[in-house]
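FYI, the numbering for the sequence shown is 30 to 240, going by the working numbering. First up is the structure itself, then whatever we jot down about it.
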Amino acid sequence: MMMPISCNVEVDTKLGEYIEIMLEAMFMHKKIQFQYTEINDNMEKILRREGKVYILNLYTIYWSDNNYYLIGSHDNHDGLTSYRLDRIENLTISEEYSIDAKEKIGQNPELYIQEYIEKSVNHFSGESIRIEVEYEPNQVTNAILYDFAGSSVKVRKQANGSCRAVFSKMNSVTLTGWFMQYANMFKVIEPEKLRNELQEQLKEAVKNYEK
Numbered sequence: 030m031m032m033p034i035s036c037n038v039e040v041d042t043k044l045g046e047y048i049e050i051m052l053e054a055m056f057m058h059k060k061i062q063f064q065y066t067e068i069n070d071n072m073e074k075i076l077r078r079e080g081k082v083y084i085l086n087l088y089t090i091y092w093s094d095n096n097y098y099l100i101g102s103h104d105n106h107d108g109l110t111s112y113r114l115d116r117i118e119n120l121t122i123s124e125e126y127s128i129d130a131k132e133k134i135g136q137n138p139e140l141y142i143q144e145y146i147e148k149s150v151n152h153f154s155g156e157s158i159r160i161e162v163e164y165e166p167n168q169v170t171n172a173i174l175y176d177f178a179g180s181s182v183k184v185r186k187q188a189n190g191s192c193r194a195v196f197s198k199m200n201s202v203t204l205t206g207w208f209m210q211y212a213n214m215f216k217v218i219e220p221e222k223l224r225n226e227l228q229e230q231l232k233e234a235v236k237n238y239e240k
């Protein structure tokens, strides 16, 4: 049985240390290595793949929606990949030199990375609202919800085996778009206005496919 990762009361300190390590690694042109976490049904972090160590050619760090993200590449895969910093454990600098971004993703890597960020980042603006959703817990939905709602999400299990989660998020068109994207996984319970908006958009989507 995999045990949850203990809550670290010095989270900000750890993230700061990790950022310093990553900046040093990029300066030295070295890869980084770390373990990554996933989220169980109780919204607790557990090590992914039984503690597998990931080795990454790190190219940049960016901040979005109150989280830091790493962008880089793996030796055995083409293209870019990203990781959330707050889900990383035991980050260190590898002895291996990193593969240059031009070699992995081609000429003008800065432009390629910027386009990747723009496609990957959700931009939120507006008033913060309280949201309650219902969903069936599993490894995929747990991770998607945690990445979206953050560590402050509150979860309670229902008698029928489903879960309800409560969290706050900035109200925007992008917020509605996220719920439309994952409409088959998460059902909005509150606020009623958001629930009604989603119901109308889903009806319009069905009509579009019935034409």
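For glycine and all other residues, C-beta sits at the position ideal for the given N, C-alpha and C.
A contact between stretches requires three or more CB pairs, one per stretch, nearer than 8 Å, and the stretch 120-134 fails this requirement with the stretch 65-77. By a beta-carbon distance limit of 8 Å, residue 174 contacts residue 194. Their separation comes to about 6 Å. For residue 223, the enclosing alpha helix (DSSP H) begins and ends at 221-239. Counting the other CB atoms within 10 Å of its CB gives residue 145 a total of 16 or more, which places it among the buried residues. With 16 or more neighbouring CB atoms inside 10 Å of its own CB, residue 127 falls in the buried class. The residue among 102, 78, 176, 58 with its C-alpha nearest the C-alpha of residue 135 is 102. Unbroken alpha helix (DSSP H) stretches of 4 residues or longer found wholly inside the stretch 162-197: 168-178, given in chain order. Beta bridge pairing from DSSP links residue 43 with no other residue. By the Cβ-count criterion, residue 47 is buried, with 16 or more other Cβ atoms from all chains shown falling within 10 Å of its own Cβ.
With contacts defined by Cβ atoms closer than 8 Å, residue 114 and residue 99 form a contacting pair. One alpha carbon belongs to residue 222, the other to residue 171, and they sit about 25 Å apart.
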